[in-house]
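Notes follow once the structure below has been shown.
Quick look at the structure:
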(Lines of atoms letter the chains of each structure in order from A; the text may use other names.)
(Lines give C-alpha, C1' and ligand atoms only; values in the text may rest on other atoms or scores of the structure.)
Protein backbone atom coordinates (compact mmCIF):
# COMPACT_ATOMS: atom_id res chain seq x y z
CA UNK A 161 0.00 0.00 0.00
CA UNK A 162 1.51 3.38 -0.99
CA UNK A 163 2.32 5.84 1.76
CA UNK A 164 -0.37 8.48 2.47
CA UNK A 165 2.38 11.06 1.96
CA UNK A 166 2.87 9.90 -1.61
CA UNK A 167 -0.86 9.57 -2.21
CA UNK A 168 -1.44 13.20 -1.30
CA UNK A 169 1.23 14.23 -3.81
CA UNK A 170 -0.57 12.15 -6.41
CA UNK A 171 -3.80 13.93 -5.45
CA UNK A 172 -2.19 17.28 -6.23
CA UNK A 173 -1.02 15.93 -9.58
CA UNK A 174 -4.59 14.75 -10.17
CA UNK A 175 -5.90 18.30 -9.70
CA UNK A 176 -3.42 19.72 -12.20
CA UNK A 177 -4.09 16.83 -14.56
CA UNK A 178 -7.84 17.45 -14.61
CA UNK A 179 -7.14 21.05 -15.64
CA UNK A 180 -4.67 20.01 -18.30
CA UNK A 181 -6.75 17.26 -19.87
CA UNK A 182 -10.30 18.56 -19.60
CA UNK A 183 -9.71 21.70 -21.68
CA UNK A 184 -9.28 19.81 -24.96
CA UNK A 185 -12.74 18.20 -25.13
CA UNK A 186 -14.48 21.49 -24.24
CA UNK A 187 -12.53 23.67 -26.69
CA UNK A 188 -15.46 24.01 -29.13
CA UNK A 189 -17.70 25.31 -26.32
CA UNK A 190 -14.99 27.68 -25.07
CA UNK A 191 -14.51 29.04 -28.57
CA UNK A 192 -18.25 29.73 -28.87
CA UNK A 193 -18.48 31.25 -25.39
CA UNK A 194 -15.55 33.62 -26.00
CA UNK A 195 -16.56 34.29 -29.64
CA UNK A 196 -13.15 33.30 -31.04
CA UNK A 197 -12.05 30.74 -33.68
CA UNK A 198 -11.30 27.21 -32.52
CA UNK A 199 -7.58 27.67 -33.21
CA UNK A 200 -7.54 30.77 -30.98
CA UNK A 201 -9.27 28.87 -28.17
CA UNK A 202 -6.58 26.21 -28.49
CA UNK A 203 -3.99 28.83 -27.66
CA UNK A 204 -5.36 28.92 -24.11
CA UNK A 205 -3.65 25.54 -23.74
CA UNK A 206 -0.54 26.83 -25.48
CA UNK A 207 -0.20 29.84 -23.18
CA UNK A 208 -0.69 27.71 -20.07
CA UNK A 209 2.03 25.30 -21.10
CA UNK A 210 4.43 28.02 -22.25
CA UNK A 211 4.13 29.96 -18.99
CA UNK A 212 4.58 26.71 -17.08
CA UNK A 213 7.74 25.84 -18.98
CA UNK A 214 9.35 29.25 -18.56
CA UNK A 215 8.31 29.77 -14.94
CA UNK A 216 9.25 26.35 -13.54
CA UNK A 217 13.07 26.77 -13.32
CA UNK A 218 12.80 30.38 -12.16
CA UNK A 219 10.30 29.59 -9.41
CA UNK A 220 12.23 26.45 -8.43
CA UNK A 221 15.35 28.56 -7.88
CA UNK A 222 13.50 31.28 -5.98
CA UNK A 223 11.83 28.82 -3.58
CA UNK A 224 14.58 26.19 -3.33
CA UNK A 225 15.23 26.77 0.39
CA UNK A 226 11.57 26.88 1.38
CA UNK A 227 9.77 24.06 3.16
CA UNK A 228 8.45 21.78 0.41
CA UNK A 229 5.12 21.46 2.21
CA UNK A 230 4.60 25.22 2.07
CA UNK A 231 5.60 25.34 -1.60
CA UNK A 232 3.32 22.47 -2.60
CA UNK A 233 0.26 23.75 -0.72
CA UNK A 234 0.85 27.34 -1.86
CA UNK A 235 1.20 26.42 -5.51
CA UNK A 236 -2.08 24.51 -5.41
CA UNK A 237 -3.86 27.53 -3.89
CA UNK A 238 -2.56 29.82 -6.66
CA UNK A 239 -3.49 27.23 -9.27
CA UNK A 240 -7.02 27.01 -7.86
CA UNK A 241 -7.37 30.80 -7.86
CA UNK A 242 -6.50 30.83 -11.56
CA UNK A 243 -9.20 28.27 -12.29
CA UNK A 244 -11.76 30.25 -10.30
CA UNK A 245 -10.91 33.23 -12.49
CA UNK A 246 -11.34 31.02 -15.59
CA UNK A 247 -14.82 30.08 -14.36
CA UNK A 248 -15.98 33.71 -14.33
CA UNK A 249 -14.01 35.02 -17.32
CA UNK A 250 -16.40 36.48 -19.89
CA UNK A 251 -13.92 37.49 -22.60
CA UNK A 252 -10.78 36.15 -24.26
CA UNK A 253 -8.19 38.46 -22.60
CA UNK A 254 -9.46 37.70 -19.09
CA UNK A 255 -9.58 33.99 -19.87
CA UNK A 256 -6.01 34.16 -21.15
CA UNK A 257 -4.91 35.97 -17.96
CA UNK A 258 -6.59 33.33 -15.83
CA UNK A 259 -4.66 30.57 -17.60
CA UNK A 260 -1.42 32.43 -16.86
CA UNK A 261 -2.27 32.54 -13.14
CA UNK A 262 -3.16 28.84 -13.10
CA UNK A 263 0.06 27.99 -14.93
CA UNK A 264 2.17 29.92 -12.42
CA UNK A 265 0.63 27.86 -9.64
CA UNK A 266 1.04 24.57 -11.47
CA UNK A 267 4.59 25.27 -12.67
CA UNK A 268 6.21 24.51 -9.35
CA UNK A 269 3.98 21.69 -8.17
CA UNK A 270 4.84 18.70 -10.36
CA UNK A 271 8.68 18.96 -10.24
CA UNK A 272 8.55 19.70 -6.51
CA UNK A 273 6.16 16.82 -5.90
CA UNK A 274 8.37 14.42 -7.88
CA UNK A 275 11.51 15.48 -6.01
CA UNK A 276 9.69 15.27 -2.68
CA UNK A 277 8.42 11.78 -3.53
CA UNK A 278 12.02 10.69 -4.11
CA UNK A 279 13.01 12.18 -0.75
CA UNK A 280 10.22 10.39 1.11
CA UNK A 281 10.94 6.98 -0.45
CA UNK A 282 13.71 4.37 -0.04
CA UNK A 283 16.32 4.57 -2.84
CA UNK A 284 15.30 1.22 -4.30
CA UNK A 285 11.70 2.41 -4.73
CA UNK A 286 12.45 5.73 -6.40
CA UNK A 287 11.01 4.69 -9.75
CA UNK A 288 7.74 3.53 -8.22
CA UNK A 289 7.45 6.76 -6.21
CA UNK A 290 7.86 8.81 -9.37
CA UNK A 291 5.35 6.63 -11.21
CA UNK A 292 2.81 7.09 -8.39
CA UNK A 293 2.98 10.89 -8.67
CA UNK A 294 2.59 10.64 -12.44
CA UNK A 295 -0.28 8.24 -11.79
CA UNK A 296 -2.21 11.20 -10.40
CA UNK A 297 -2.14 12.72 -13.87
CA UNK A 298 -3.35 9.46 -15.38
CA UNK A 299 -6.17 9.20 -12.87
CA UNK A 300 -7.20 12.70 -13.91
CA UNK A 301 -7.64 11.42 -17.43
CA UNK A 302 -9.61 8.41 -16.24
CA UNK A 303 -11.96 10.13 -13.77
CA UNK A 304 -11.66 13.88 -14.10
CA UNK A 305 -11.97 14.19 -17.87
CA UNK A 306 -15.20 12.16 -18.30
CA UNK A 307 -16.77 13.87 -15.29
CA UNK A 308 -15.61 17.26 -16.51
CA UNK A 309 -16.90 16.61 -20.03
CA UNK A 310 -20.31 15.53 -18.74
CA UNK A 311 -20.37 18.55 -16.42
CA UNK A 312 -19.57 20.85 -19.34
CA UNK A 313 -22.45 19.35 -21.34
CA UNK A 314 -24.80 19.82 -18.37
CA UNK A 315 -23.87 23.25 -16.99
CA UNK A 316 -21.23 24.67 -19.32
CA UNK A 317 -17.47 25.16 -19.20
CA UNK A 318 -17.64 27.29 -16.04
CA UNK A 319 -18.73 24.22 -14.11
CA UNK A 320 -15.57 22.43 -15.22
CA UNK A 321 -13.36 25.21 -13.93
CA UNK A 322 -15.22 25.27 -10.61
CA UNK A 323 -14.68 21.51 -10.36
CA UNK A 324 -10.94 21.96 -10.88
CA UNK A 325 -10.90 24.77 -8.31
CA UNK A 326 -12.51 22.53 -5.70
CA UNK A 327 -10.20 19.60 -6.39
CA UNK A 328 -7.15 21.87 -6.21
CA UNK A 329 -8.14 23.37 -2.87
CA UNK A 330 -8.90 19.92 -1.44
CA UNK A 331 -5.46 18.71 -2.54
CA UNK A 332 -3.83 21.78 -0.98
CA UNK A 333 -5.52 20.99 2.33
CA UNK A 334 -4.36 17.39 2.11
CA UNK A 335 -0.77 18.43 1.46
CA UNK A 336 -0.83 20.84 4.41
CA UNK A 337 -2.17 18.20 6.80
CA UNK A 338 -0.42 14.99 5.70
CA UNK A 339 2.95 16.03 4.33
CA UNK A 340 5.84 16.42 6.80
CA UNK A 341 8.15 19.47 6.67
CA UNK A 342 10.81 18.86 4.00
CA UNK A 343 13.72 21.22 3.36
CA UNK A 344 16.53 21.20 0.79
CA UNK A 345 19.65 22.72 2.38
CA UNK A 346 21.58 23.40 -0.85
CA UNK A 347 20.64 24.88 -4.19
CA UNK A 348 22.00 26.09 -7.50
CA UNK A 349 21.57 29.49 -9.07
CA UNK A 350 19.44 29.77 -12.18
CA UNK A 351 22.62 30.28 -14.24
CA UNK A 352 24.12 27.06 -12.84
CA UNK A 353 20.92 25.18 -13.57
CA UNK A 354 20.90 26.32 -17.19
CA UNK A 355 24.62 25.55 -17.56
CA UNK A 356 24.03 21.95 -16.48
CA UNK A 357 21.09 21.65 -18.85
CA UNK A 358 23.34 22.82 -21.70
CA UNK A 359 25.67 19.81 -21.39
CA UNK A 360 25.22 18.00 -24.72
CA UNK A 361 23.84 14.69 -23.49
CA UNK A 362 21.48 16.24 -20.96
CA UNK A 363 20.35 18.81 -23.53
CA UNK A 364 19.61 15.97 -25.95
CA UNK A 365 17.61 14.11 -23.31
CA UNK A 366 15.57 17.21 -22.48
CA UNK A 367 15.00 17.84 -26.19
CA UNK A 368 13.71 14.27 -26.54
CA UNK A 369 11.16 14.96 -23.81
CA UNK A 370 10.05 18.15 -25.53
CA UNK A 371 9.72 16.45 -28.92
CA UNK A 372 7.66 13.57 -27.52
CA UNK A 373 5.31 15.93 -25.69
CA UNK A 374 4.99 18.18 -28.73
CA UNK A 375 3.95 15.16 -30.75
CA UNK A 376 1.34 14.23 -28.17
CA UNK A 377 -0.18 17.69 -27.76
CA UNK A 378 -0.29 18.47 -31.45
CA UNK A 379 -3.11 15.92 -31.48
CA UNK A 380 -4.44 15.99 -27.89
CA UNK A 381 -5.20 19.71 -27.91
CA UNK A 382 -7.56 19.24 -30.86
CA UNK A 383 -8.73 15.72 -30.11
CA UNK A 384 -12.42 16.74 -30.18
CA UNK A 385 -12.48 17.98 -33.80
CA UNK A 386 -10.14 15.17 -34.86
CA UNK A 387 -12.41 12.44 -33.50
CA UNK A 388 -15.48 14.15 -34.92
CA UNK A 389 -13.93 14.27 -38.38
CA UNK A 390 -12.19 10.87 -38.35
CA UNK A 391 -14.80 8.71 -36.62
CA UNK A 392 -17.93 10.83 -36.11
CA UNK A 393 -17.33 10.73 -32.35
CA UNK A 394 -19.06 13.63 -30.54
CA UNK A 395 -21.07 14.28 -27.39
CA UNK A 396 -21.34 11.27 -25.10
CA UNK A 397 -19.23 9.24 -27.49
CA UNK A 398 -16.40 11.73 -26.96
CA UNK A 399 -16.83 11.34 -23.20
CA UNK A 400 -16.49 7.56 -23.51
CA UNK A 401 -13.38 7.80 -25.69
CA UNK A 402 -11.76 10.26 -23.27
CA UNK A 403 -12.51 7.80 -20.45
CA UNK A 404 -10.76 5.10 -22.50
CA UNK A 405 -7.78 7.44 -22.83
CA UNK A 406 -7.69 7.97 -19.09
CA UNK A 407 -7.91 4.23 -18.38
CA UNK A 408 -5.07 3.65 -20.84
CA UNK A 409 -2.92 6.20 -19.04
CA UNK A 410 -3.48 4.45 -15.72
CA UNK A 411 -2.48 1.14 -17.32
CA UNK A 412 0.56 2.76 -18.89
CA UNK A 413 1.81 4.24 -15.63
CA UNK A 414 1.23 0.94 -13.82
CA UNK A 415 3.30 -0.88 -16.42
CA UNK A 416 5.95 1.82 -16.83
CA UNK A 417 7.59 1.61 -13.41
CA UNK A 418 8.30 -2.10 -13.53
CA UNK A 419 9.15 -2.05 -17.24
CA UNK A 420 11.71 0.70 -16.75
CA UNK A 421 13.28 -1.13 -13.81
CA UNK A 422 13.47 -4.33 -15.85
CA UNK A 423 14.38 -3.04 -19.32
CA UNK A 424 15.77 0.45 -18.77
CA UNK A 425 14.31 3.81 -19.70
CA UNK A 426 15.83 3.90 -23.20
CA UNK A 427 14.29 0.63 -24.37
CA UNK A 428 10.89 1.45 -22.90
CA UNK A 429 10.91 4.92 -24.45
CA UNK A 430 11.84 3.55 -27.89
CA UNK A 431 8.94 1.09 -27.76
CA UNK A 432 6.54 3.80 -26.63
CA UNK A 433 7.57 6.21 -29.39
CA UNK A 434 7.18 3.49 -32.01
CA UNK A 435 3.63 2.77 -30.81
CA UNK A 436 2.82 6.48 -30.65
CA UNK A 437 3.98 6.98 -34.25
CA UNK A 438 1.80 4.15 -35.54
CA UNK A 439 -1.22 5.28 -33.52
CA UNK A 440 -0.91 8.90 -34.65
CA UNK A 441 -0.86 7.88 -38.31
CA UNK A 442 -3.83 5.51 -37.98
CA UNK A 443 -6.18 7.63 -35.82
CA UNK A 444 -7.21 10.10 -38.58
CA UNK A 445 -8.34 7.17 -40.75
CA UNK A 446 -10.06 5.18 -37.97
CA UNK A 447 -13.42 5.54 -39.67
CA UNK A 448 -15.59 4.50 -36.71
CA UNK A 449 -15.87 4.86 -32.95
CA UNK A 450 -14.57 1.42 -31.92
CA UNK A 451 -11.32 1.52 -33.94
CA UNK A 452 -10.82 5.11 -32.79
CA UNK A 453 -11.25 4.09 -29.15
CA UNK A 454 -8.80 1.20 -29.60
CA UNK A 455 -6.20 3.53 -31.10
CA UNK A 456 -6.75 6.07 -28.34
CA UNK A 457 -6.14 3.27 -25.83
CA UNK A 458 -2.81 2.38 -27.49
CA UNK A 459 -1.81 6.04 -27.60
CA UNK A 460 -2.74 6.46 -23.93
CA UNK A 461 -0.72 3.45 -22.73
CA UNK A 462 2.32 4.42 -24.77
CA UNK A 463 2.10 8.09 -23.90
CA UNK A 464 1.93 7.40 -20.16
CA UNK A 465 5.29 5.61 -20.22
CA UNK A 466 7.22 8.54 -21.69
CA UNK A 467 7.63 10.65 -18.53
CA UNK A 468 8.74 7.83 -16.17
CA UNK A 469 11.15 6.51 -18.81
CA UNK A 470 12.70 9.92 -19.36
CA UNK A 471 12.97 10.59 -15.62
CA UNK A 472 14.81 7.31 -15.25
CA UNK A 473 17.20 8.17 -18.10
CA UNK A 474 17.96 11.58 -16.59
CA UNK A 475 18.59 10.15 -13.14
CA UNK A 476 21.07 7.68 -14.63
CA UNK A 477 22.79 10.35 -16.68
CA UNK A 478 23.40 12.62 -13.69
CA UNK A 479 22.30 10.86 -10.50
CA UNK A 480 23.66 13.54 -8.17
CA UNK A 481 21.57 16.28 -9.79
CA UNK A 482 18.23 14.51 -9.67
CA UNK A 483 16.15 17.28 -8.13
CA UNK A 484 17.44 19.79 -10.64
CA UNK A 485 16.93 17.53 -13.64
CA UNK A 486 13.36 16.68 -12.69
CA UNK A 487 12.61 20.40 -12.66
CA UNK A 488 14.26 20.95 -16.05
CA UNK A 489 12.49 17.90 -17.48
CA UNK A 490 9.19 19.32 -16.29
CA UNK A 491 9.99 22.53 -18.18
CA UNK A 492 10.81 20.46 -21.27
CA UNK A 493 7.47 18.66 -20.95
CA UNK A 494 5.55 21.89 -20.93
CA UNK A 495 7.63 23.53 -23.64
CA UNK A 496 6.77 20.52 -25.78
CA UNK A 497 3.10 20.80 -24.84
CA UNK A 498 3.15 24.51 -25.73
CA UNK A 499 4.84 23.88 -29.08
CA UNK A 500 2.46 21.02 -29.82
CA UNK A 501 -0.60 23.14 -29.07
CA UNK A 502 0.70 25.93 -31.31
CA UNK A 503 1.55 23.52 -34.13
CA UNK A 504 -1.82 21.82 -33.81
CA UNK A 505 -3.57 25.17 -34.18
CA UNK A 506 -1.62 25.92 -37.35
CA UNK A 507 -2.38 22.45 -38.76
CA UNK A 508 -6.12 22.70 -38.01
CA UNK A 509 -6.32 26.19 -39.49
CA UNK A 510 -4.30 25.32 -42.58
CA UNK A 511 -5.00 21.68 -43.41
CA UNK A 512 -7.79 20.49 -41.12
CA UNK A 513 -7.89 18.13 -38.16
CA UNK A 514 -7.19 15.07 -40.33
CA UNK A 515 -3.60 16.27 -40.81
CA UNK A 516 -2.83 16.28 -37.08
CA UNK A 517 -1.72 12.63 -37.01
CA UNK A 518 0.98 13.12 -39.64
CA UNK A 519 2.32 16.19 -37.84
CA UNK A 520 2.49 14.28 -34.56
CA UNK A 521 4.20 11.31 -36.25
CA UNK A 522 7.01 13.51 -37.58
CA UNK A 523 7.76 14.71 -34.04
CA UNK A 524 7.60 11.19 -32.60
CA UNK A 525 10.02 9.87 -35.23
CA UNK A 526 12.44 12.71 -34.47
CA UNK A 527 12.27 11.86 -30.76
CA UNK A 528 12.83 8.19 -31.60
CA UNK A 529 15.98 9.03 -33.58
CA UNK A 530 17.26 11.09 -30.65
CA UNK A 531 16.55 8.18 -28.31
CA UNK A 532 18.57 5.84 -30.53
CA UNK A 533 21.54 8.21 -30.58
CA UNK A 534 21.73 9.20 -26.90
CA UNK A 535 22.86 6.61 -24.35
CA UNK A 536 22.41 7.05 -20.61
CA UNK A 537 24.26 4.07 -19.18
CA UNK A 538 27.06 6.25 -17.78
CA UNK A 539 26.92 9.52 -15.80
CA UNK A 540 27.40 12.78 -17.65
CA UNK A 541 31.02 13.94 -17.10
CA UNK A 542 31.18 16.91 -14.79
CA UNK A 543 27.57 16.74 -13.66
CA UNK A 544 28.73 16.25 -10.10
CA UNK A 545 30.28 19.72 -10.11
CA UNK A 546 26.84 21.25 -10.64
CA UNK A 547 25.01 18.96 -8.29
CA UNK A 548 22.38 19.56 -5.75
CA UNK A 549 21.21 16.80 -3.39
CA UNK A 550 18.69 14.42 -4.91
CA UNK A 551 17.64 13.44 -1.39
CA UNK A 552 17.18 16.48 0.92
CA UNK A 553 18.79 16.17 4.35
CA UNK A 554 16.00 17.59 6.46
CA UNK A 555 12.79 15.59 6.59
CA UNK A 556 10.72 15.53 9.74
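Residue numbers (our numbering): 161 to 556. Glycine is no exception: its CB is placed at the ideal position from the N, C-alpha and C atoms. Everything numeric in this text was worked out from a predicted model, so none of it was measured.
Please name the residue in 197, 166, 235, 171 whose C-alpha comes closest to that of residue 105.
Nothing in the structure corresponds to residue 105, since the chain is present only between 161 and 556.
Opposite residue 411 in the DSSP bridges: which residues?
As a working mapping, residue 411 is identified with position 251 in the chain shown. In DSSP, residue 411 forms no bridge with anything.
Figure out for me which residue from 243, 241, 272 has the closest Cα to the Cα of residue 486.
On the chain shown, residue 486 is found 326 positions in, with the first residue counted as 1. Considering only alpha carbons, the answer is 272.
Would you tell me roughly how many angstroms separate the C-alpha atoms of residue 522 and residue 341, rounded to the nearest one?
Translated into the one-based positions of the chain shown, residue 522 becomes position 362. Translated into the one-based positions of the chain shown, residue 341 becomes position 181. Going from the Cα of residue 522 to the Cα of residue 341 covers about 45 Å.
With H, G and I counted as helix, E and B as strand and the rest as coil, what does DSSP make of residue 342?
Position 182 of the chain shown, counted from the first residue, corresponds to residue 342. If DSSP states are grouped into helix, strand and coil, residue 342 belongs with the strands.
Look up residue 180 in the DSSP assignment and say whether it is helix, strand or coil.
For this step, residue 180 is matched to residue 20 along the chain shown. Note: residue 180 maps to helix in three-state DSSP.
Report the residue ranges of all alpha helix (DSSP H) runs contained in full by the stretch 175-235; include only those spanning at least 4 residues, in chain order.
Counting whole runs of 4 or more residues, the stretch 175-235 contains the alpha helix (DSSP H) stretches 187-194, 198-222.
Just to confirm my understanding: we take residue 447, look at its own chain, exclude 5 residues before and 5 after, and list those with CB closer than 8 Å. What are they?
As a first step, residue 447 must be located in the chain shown, where it is residue number 287. Around residue 447: 390, 391.
Would a C-beta distance cut-off of 9 Å place residue 233 and residue 336 closer than the cut-off?
Here residue 233 is taken as the residue at index 73 of the chain shown, counted from 1. Here residue 336 is taken as the residue at index 176 of the chain shown, counted from 1. The answer is yes: Cβ separation under 9 Å.
Count Cβ pairs between the stretch 194-211 and the stretch 493-510 that sit closer than 8 Å; are there 3 or more?
Yes, they touch.
Thinking just about the alpha-carbon of each residue, which of 438, 415, 439 is nearest to the one in residue 428?
Position 268 of the chain shown, counted from the first residue, corresponds to residue 428. Answer by Cα proximity: 415.
If you check the beta carbons only, do residue 464 and residue 409 fall under 9 Å apart?
Residue numbering aside, residue 464 sits at position 304 when the chain shown is read from its first letter. Residue numbering aside, residue 409 sits at position 249 when the chain shown is read from its first letter. For residue 464 and residue 409, yes; Cβs fall inside 9 Å.
Ordered along the chain, which non-local residues of its own chain (more than five positions away) have a Cβ less than 7 Å from that of residue 164?
Stepping through the chain shown from its first residue, residue 164 is reached at position 4. Result list for residue 164: 338, in chain order.
Run through DSSP, which three-state label would residue 423 get?
Numbered from 1 along the chain shown, position 263 holds the residue referred to as residue 423. Correct three-state label for residue 423: helix.
Look at the alpha carbon of residue 308 and the alpha carbon of residue 403, and state the distance between them as a whole number of angstroms.
By one-based count along the chain shown, residue 308 stands at place 148. By one-based count along the chain shown, residue 403 stands at place 243. One C-alpha to the other measures close to 11 Å.
Taking 7 Å as the limit between beta carbons, can you name the residues of its chain near residue 489, skipping five residues before and five after?
The residue labelled residue 489 in the question sits at position 329 within the chain shown. For residue 489, where only same-chain residues beyond five positions count, the Cβ hits under 7 Å are 366, 369, 470, 471, 474.
Spatial neighbours of residue 256 within its chain, please: CB distance less than 7 Å, with the 5 preceding and 5 following residues excluded, ordered by chain position.
Taking the first residue of the chain shown as position 1, residue 256 is located at position 96. Closer than 7 Å at the Cβ level, and outside the excluded window around residue 256, lie 204, 207.
When you compare only the Cα positions, how much space is there between residue 167 and residue 325?
For the purposes of this step, residue 167 is taken as residue 7 along the chain shown, with counting starting at 1. For the purposes of this step, residue 325 is taken as residue 165 along the chain shown, with counting starting at 1. Cα to Cα, residue 167 sits roughly 19 Å from residue 325.
Compute the Euclidean distance between the alpha carbons of residue 219 and residue 264, then round it to the nearest angstrom.
In the chain shown, the residue the question calls residue 219 occupies position 59. In the chain shown, the residue the question calls residue 264 occupies position 104. Each residue's alpha carbon lies about 9 Å from the other.
In whole angstroms, give me the CA-to-CA distance for residue 467 and residue 438.
As a first step, residue 467 is located in the chain shown; it is residue number 307 there, counting from the start. As a first step, residue 438 is located in the chain shown; it is residue number 278 there, counting from the start. Using only the alpha carbons, I get a separation of about 19 Å.
Once you ignore the five residues that flank residue 545 on each side, which residues in its own chain have a CB closer than 7 Å to its CB?
The sequence position of residue 545 within the chain shown is 385, counting from 1. With a pLDDT of 43 at residue 545, under the threshold of 50, the modelled position of that residue is not reliable, and the figure given next carries that caveat. Same-chain partners within the cutoff: there are none.
Put residue 361 into one of helix, strand or coil per three-state DSSP.
Mapped onto the chain shown, residue 361 falls at position 201. Residue 361: helix per DSSP, three-state reduction.
Helix, strand or coil for residue 473, going by three-state DSSP, please let me know.
Here residue 473 refers to the residue found at position 313 when the chain shown is read from its first residue. Of the three classes helix, strand and coil, the one that applies to residue 473 here is helix, per DSSP.
Please classify residue 524: does DSSP put it in a helix, a strand, or coil?
Residue mapping note: residue 524 aligns to position 364 of the chain shown, counting from 1. Residue 524: helix per DSSP, three-state reduction.
I'd like to know if the stretch 268-282 and the stretch 450-460 are in contact, where contact means that at least 3 CB-CB pairs between them fall below 8 Å.
Result no; under three Cβ-Cβ pairs closer than 8 Å.
Using CA atoms only, rank isn't needed, just tell me which of 266, 401, 534, 173 is closest to residue 362.
The sequence position of residue 362 within the chain shown is 202, counting from 1. Answer by Cα proximity: 534.
Helix, strand or coil for residue 254, going by three-state DSSP, please let me know.
Position 94 of the chain shown, counting from 1, holds the residue named residue 254. It is helical.
Which residues in the same chain have their Cβ closer than 6 Å to the Cβ of residue 298, if we skip the five residues on either side of it in sequence?
If you number the chain shown from 1, residue 298 lands on position 138. Excluding positions up to five away in sequence, the list reads 409, 410, 413, 464.
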